[in-house]
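In the working numbering, the protein residues as written are 1 to 178.
Built from N, CA and C at the ideal position, the CB exists for glycine as well.
Model, not experiment: these values are computed from the prediction.
Reading through the structure tokens given below for one structure.
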């Protein structure tokens, strides 16, 4: 677990509980994504830690840049993250919030790493396979990694399936060396 995830988890949990209680999960999801996207802009990122910009100015500027007329709770979250120097954990906060949301919906997120772009049919087949294997709806996140040579590596919950050519060659090498 990364240090940023450790920082982000209590914020994500508190925000998720508040949003669930208020029935505002969609609004919070949109806000958090906009917030993280705003922080990723280079010119905005340069203001973080700039001694000429105090915490209150930074919080107000971020609130204005996000737009979407943030609620009082959302403004407070921005202020807390600025005051506690946790802005760098914004992407992790979004990921943890969305993970909690998906868990409540009974959805499982799976990362599929492949050597080549997967076709829609291949993605559909993988979803069907994982749904049968895990007993829940699956959302796929695909990532390319050329050094796999071929095949895929799947990470879903505690399950890891290495069907890559690279993985098979490494397994063969281990077998032959014993």
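Per-residue burial, residue i [other beta carbons within 10 Å of its own, 16 or more giving buried]
i, result
"residue 172", "exposed"
"residue 14", "exposed"
"residue 16", "buried"
"residue 97", "buried"
"residue 177", "exposed"
"residue 46", "exposed"
"residue 35", "buried"
"residue 92", "buried"
"residue 70", "buried"
Whether residue i touches residue j by CB criterion (9 Å)
i, j, result
"residue 75", "residue 89", "no"
"residue 113", "residue 152", "yes"
"residue 117", "residue 154", "no"
"residue 101", "residue 18", "no"
"residue 166", "residue 147", "yes"
"residue 82", "residue 32", "no"
"residue 115", "residue 149", "yes"
"residue 55", "residue 79", "yes"
"residue 61", "residue 41", "no"
"residue 136", "residue 161", "no"
"residue 11", "residue 65", "no"
"residue 134", "residue 105", "no"
DSSP three-state assignment for residue i, whether helix, strand or coil
i, result
"residue 118", "coil"
"residue 112", "strand"
"residue 12", "helix"
"residue 52", "coil"
"residue 180", "Residue 180 is absent from the model: the chain starts at 1 and stops at 178."
"residue 1", "The predicted model places residue 1 with a pLDDT of 47, which falls under 50 and marks its position as unreliable, so this point remains unresolved."
Unbroken alpha helix (DSSP H) run spanning residue i, endpoints
i, result
"residue 94", "90–105"
"residue 82", "72–83"
* Please go through the stretch 122–169 and give each complete beta strand (DSSP E) segment of 3 or more residues, from N-terminal end onward. => 137–144, 152–156, 159–162
* **Entirely enclosed alpha helix (DSSP H) segments - the stretch 18–49, minimum 4 residues** => 25–39, 42–47
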